[in-house]
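J.:
Chains as they are written, first to last, in full-length UniProt numbering: chain A, 1 to 300; chain B, 1 to 319.
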């Protein structure tokens, strides 16, 4: 089926692989984005995606080869460890969330850079391609990558569907979800795990630095267009997928790196939504002259 | 120790000083992630100046980078003020877009030239002693001048604006009503952060700027009891990590800015362990955390007025 899809696209085969891959990634990342944005944890996701770097480096040092399987496993492990560290630091109430995120970002980046430069200085010929995890590289995508994205993405979206009610109540009313007996740490672990999947799928394509935009921008755009979570999740996914497709095609045609192009398109869509969304958007609001405060309350 | 090594340590130490002082205020104001966003967002400014004039590392570069840092801050403020996007999402929306512009600009216009993605990400602190300018007949590293100037400027700024800065950090409402111009001071602080982030970007690259701003400040926050001692501790930690980090980089044959960051992270861990449950600033933080405990403890007694439940919950946390 994948073959049929790749062949039926009006694009050369390598470009078709990239476009299908970025579309699948865009959908998964967009649909999981609300887990971050609605809980006001966008920069938490940024720290998690940066935290994939030391995981990639350590996995390379342990495995001795740059095979993507090991490296992505390492990336997932260290992204989850970073999430755990941030939660623990904030829970122990000695440090504000933003400073905790800053410290974890710093640990990840310094460790990642020190390990990567150390690996580079050993002159190991296998180390080529590690740098791609920083800024991403969609051009190197092969069919197996798409299969991996589709498999893991489907599993993650399936989990999102099954746990939808739980995650919804935890996003909007943590107190309520605690009262009905959902342990906060289980919900946290579930949403962090899902995000880790999306991030790990994305770091090779758009890179650790830009990954957060792929999670946040589609959700911000979709949030301006709908008011229910049941519509927000698929809409954010579709916007992400659309950004992925357009970005993939444009970057293939113009020979630009795909990650930045996708991010710019997704951000443009988000800003346009903020400006021109019906009823809620800046332009619509200034026309009907609804007091900003009332609308802001409604948004909450 | 060679002169070059000493020069690198001094530049890193000066940079840490400026970053740690401003970072302390940002940590206390819960704006710790702003320099991270700014340091990513300045990349297109540097590329633009390079494309227009072919210069890299001149005063024009600093101006161009600062302009884009301001665009980042302005965009963030605009998105936040619309009330449609939460502050954290606004930040996560603005800086990746600007960074993407920079990466695309490097790829399209500046590839193969002296500017490349690696030096934008890793910085060129290692080669800082080699790039010199003539000053009073002597060859002085350019970075030393820029970093030193920025540090002196930050020190003067903080000394001159000490009272309004302090007031608007701890009690913005009071600062405004007492005529201390809290909002003006906040804007000045943001401007200073942008300029220093640009200077830091030149030396340590886009992604380590956050380390220099936040980690020494957060470490000092764990142990210090007063604002003035927090600033001094943060500066001390900055210098100590510059020295330790350089040694570490020599041992590991690795990135110097990365090792300096790693050293400051280690010092943060020490401070975190040492500062547990002590000090006035610690209690200030505890007051913040007691708000969490109130939401947890008020669930069974929801009839209680918020003020009462806060009053009962706060001491129980302190004990």
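Glycine included, each C-beta is placed from N, C-alpha and C at the ideal position.
For clarity, every value in this text was computed on a predicted model and none was experimentally measured.
Verify the CB distance criterion: does residue 40 of chain A have a CB-CB separation below 7 Å to chain B?
T.: Residue numbering aside, residue 40 of chain A sits at position 40 when the first chain is read from its first letter. Answer yes: the Cβ-Cβ gap between residue 40 of chain A and chain B drops below 7 Å somewhere.
J.: Determine the closest residue to residue 271 of chain B out of B/109, B/94, B/237, with distance taken between C-alpha atoms.
T.: Here residue 271 of chain B refers to the residue found at position 271 when the second chain is read from its first residue. Answer by Cα proximity: B/237.
J.: Below 8 Å on the Cβ atoms is my contact criterion, and I expect residue 73 of chain B with residue 214 of chain B to pass it. Report the Cβ-Cβ distance as a whole number of Å.
T.: Indexing the second chain from 1 puts residue 73 of chain B at position 73. Indexing the second chain from 1 puts residue 214 of chain B at position 214. Not confirmed; about 17 Å, so no contact.
J.: Check whether the Cβ atoms of residue 210 of chain A and residue 263 of chain A sit closer than 7 Å, and answer yes or no.
T.: To locate residue 210 of chain A, count along the first chain from 1; it is residue 210. To locate residue 263 of chain A, count along the first chain from 1; it is residue 263. Cβ atoms of residue 210 of chain A and residue 263 of chain A: closer than 7 Å.
J.: Roughly how many whole angstroms lie between the Cα atoms of residue 72 of chain A and residue 86 of chain B?
T.: Taking the first residue of the first chain as 1, we reach residue 72 of chain A at position 72. Taking the first residue of the second chain as 1, we reach residue 86 of chain B at position 86. In a straight line, the C-alpha of residue 72 of chain A is about 31 Å away from that of residue 86 of chain B.
J.: Helix, strand or coil for residue 228 of chain A per DSSP?
T.: Position 228 of the first chain holds residue 228 of chain A. Of the three classes helix, strand and coil, the one that applies to residue 228 of chain A here is coil, per DSSP.
J.: I need the DSSP call for residue 32 of chain B, collapsed to helix, strand or coil.
T.: Position 32 of the second chain, counting from 1, holds the residue named residue 32 of chain B. The answer is coil: DSSP assigns residue 32 of chain B none of H, G, I, E or B.
J.: Hey, out of B/80, B/210, B/232, whose CA is closest to residue 159 of chain B's CA?
T.: Reading the second chain from its first residue, position 159 is the one you call residue 159 of chain B. For residue 159 of chain B, the nearest C-alpha among the options comes from B/232.
J.: When you check each C-beta in the stretch 221-242 of chain A against every C-beta of chain B, which residues fall closer than 9 Å?
T.: Cβ contacts with chain B come from 223, 224.
J.: Exposed or buried, what is residue 254 of chain A when buried is set at 16 or more other beta-carbons lying within 10 Å of its beta-carbon?
T.: To locate residue 254 of chain A, count along the first chain from 1; it is residue 254. Looking at its Cβ environment, which holds fewer than 16 other Cβ atoms inside 10 Å, residue 254 of chain A is exposed.
J.: Per the contact definition of three or more C-beta pairs closer than 8 Å, is the stretch 14-31 of chain A in contact with the stretch 139-154 of chain A?
T.: Short answer: they touch.
J.: Using 7 Å as the threshold, is the C-beta distance between residue 282 of chain A and residue 275 of chain A below it?
T.: Taking the first residue of the first chain as 1, we reach residue 282 of chain A at position 282. Taking the first residue of the first chain as 1, we reach residue 275 of chain A at position 275. Their beta carbons are under 7 Å apart, which means residue 282 of chain A touches residue 275 of chain A by this criterion.
J.: Could you round the C-beta distance between residue 233 of chain A and residue 250 of chain A to whole angstroms and report it? I think they count as a contact, below 8 Å.
T.: The residue labelled residue 233 of chain A in the question sits at position 233 within the first chain. The residue labelled residue 250 of chain A in the question sits at position 250 within the first chain. Actually they do not touch by this definition, with Cβ atoms about 26 Å apart.
J.: Strictly under 7 Å for the Cβ-Cβ distance: is residue 262 of chain B near chain A by that measure?
T.: Locating residue 262 of chain B in the second chain gives position 262, counting from the first residue. Yes, residue 262 of chain B counts as interfacial toward chain A.
J.: Return the chain-ordered list of same chain residues with a C-beta closer than 6 Å to the C-beta of residue 222 of chain B, the five sequence neighbours on each side being excluded.
T.: Mapped onto the second chain, residue 222 of chain B falls at position 222. Closer than 6 Å at the Cβ level, and outside the excluded window around residue 222 of chain B, lie 271, 272, 275.
J.: Of the residues A/98, A/57, A/67, A/160, which one's Cα is nearest the Cα of residue 46 of chain A?
T.: In the first chain, the residue the question calls residue 46 of chain A occupies position 46. When only C-alpha atoms are compared, the closest one is A/98.
J.: Does residue 181 of chain A get closer than 7 Å to chain B when you measure Cβ to Cβ?
T.: For this step, residue 181 of chain A is matched to residue 181 along the first chain. Residue 181 of chain A does not count as touching chain B.
J.: Just the chain B side, please: which residues come within less than 7 Å of residue 48 of chain A by C-beta, in chain order?
T.: Taking the first residue of the first chain as position 1, residue 48 of chain A is located at position 48. Per Cβ cutoff of 7 Å: no residues; residue 48 of chain A is ~12 Å from chain B at best.
J.: Got a sec? Which residues, its chain only, sit under 6 Å from residue 89 of chain A by beta carbon, not counting five neighbours each side?
T.: Start at 1 with the first residue of the first chain, and residue 89 of chain A comes out as number 89. Taken in chain order, the residues that qualify are 95, 100.
J.: Counting pairs of Cβ atoms below 8 Å between the stretch 147-162 of chain B and the stretch 21-38 of chain B, do you hit three or more?
T.: Judged by Cβ distances under 8 Å, the stretch 147-162 of chain B makes contact with the stretch 21-38 of chain B, as three or more pairs qualify.
J.: Taking 8 Å as the cut-off, does the stretch 60-68 of chain B touch the stretch 181-199 of chain B (at least 3 CB pairs, one atom from each stretch)?
T.: Cβ pair count under 8 Å is three or more, so yes.
J.: According to the Cβ coordinates, are residue 153 of chain A and residue 236 of chain A closer than 7 Å?
T.: Residue mapping note: residue 153 of chain A aligns to position 153 of the first chain, counting from 1. Residue mapping note: residue 236 of chain A aligns to position 236 of the first chain, counting from 1. In this structure, residue 236 of chain A does not lie closer than 7 Å to residue 153 of chain A by Cβ.
J.: Spell out a yes or no on whether the stretch 47-57 of chain A and the stretch 109-120 of chain A are touching, meaning 3 or more CB-CB pairs, one atom from each, closer than 8 Å.
T.: Yes: at least three Cβ pairs fall under 8 Å.
J.: How would you list, in chain order, the residues of chain A whose beta-carbon sits under 8 Å from the beta-carbon of residue 101 of chain B?
T.: Along the second chain, read from residue 1 onward, the residue named residue 101 of chain B stands at position 101. Ordered by position in chain A, the residues that pass the 8 Å Cβ test against residue 101 of chain B are 260, 264.
J.: Taking residue 171 of chain B as the query, report the chain A residues whose CB atoms sit under 7 Å from its CB, ordered along the chain.
T.: In the second chain, counting from the first residue as 1, residue 171 of chain B sits at position 171. Under the 7 Å cutoff, chain A gives no residues; its nearest Cβ is about 17 Å from residue 171 of chain B.
J.: Any C-beta of chain B within less than 7 Å: which residues of the stretch 194-218 of chain A qualify?
T.: From the stretch 194-218 of chain A, only 209, 210, 212, 213, 216, 217 have a Cβ closer than 7 Å to chain B.
J.: Determine, for residue 257 of chain A, whether the minimum Cβ-Cβ distance to residues of chain B falls below 7 Å.
T.: On the first chain, residue 257 of chain A is found 257 positions in, with the first residue counted as 1. True, the Cβ-Cβ gap to chain B drops below 7 Å.
J.: Step through the CB atoms of chain A and report whether any lies within less than 7 Å of the CB of residue 30 of chain B.
T.: Taking the first residue of the second chain as 1, we reach residue 30 of chain B at position 30. Yes, its Cβ sits closer than 7 Å to a Cβ of chain A.
J.: Specify, as a first and last residue, the run of the beta strand (DSSP E) that residue 139 of chain B falls within.
T.: In the second chain, counting from the first residue as 1, residue 139 of chain B sits at position 139. Segment 138-141, the beta strand (DSSP E) holding residue 139 of chain B.
J.: Using three-state DSSP, classify residue 212 of chain A as helix, strand or coil.
T.: By 1-based counting over the first chain, the position of residue 212 of chain A is 212. Note: residue 212 of chain A maps to helix in three-state DSSP.
J.: Taking only runs of the beta strand (DSSP E) that begin and end inside the stretch 196-258 of chain B, which ones reach a length of at least 3 residues, in chain order?
T.: Runs of the beta strand (DSSP E) inside the stretch 196-258 of chain B: none found.
J.: Looking at the unbroken alpha helix (DSSP H) that takes in residue 134 of chain B, where does it start and where does it end?
T.: As a first step, residue 134 of chain B must be located in the second chain, where it is residue number 134. First-last for residue 134 of chain B: 132-135, but that is the beta strand (DSSP E), not the alpha helix (DSSP H).
J.: Rounded C-beta distance between residue 269 of chain A and residue 217 of chain A? I'm assuming under 8 Å.
T.: Mapped onto the first chain, residue 269 of chain A falls at position 269. Mapped onto the first chain, residue 217 of chain A falls at position 217. So it is a contact: roughly 7 Å between Cβ atoms.
J.: According to a CB-to-CB cut-off of less than 7 Å, which residues of the stretch 203-216 of chain B neighbour chain A?
T.: Of all residues in the stretch 203-216 of chain B, 207, 208, 210, 211, 214, 215 have a Cβ within less than 7 Å of some Cβ in chain A.
J.: Short of 7 Å in beta carbon distance, which residues of its chain neighbour residue 248 of chain B, apart from the five on each side in sequence? Order them along the chain.
T.: Reading the second chain from its first residue, position 248 is the one you call residue 248 of chain B. Within the same chain, residue 248 of chain B has close Cβ partners 259, 262, 263.
J.: Taking CB distances under 7 Å as the criterion, tell me whether residue 82 of chain B reaches chain A.
T.: In the second chain, counting from the first residue as 1, residue 82 of chain B sits at position 82. By this cut-off, residue 82 of chain B is an interface position.
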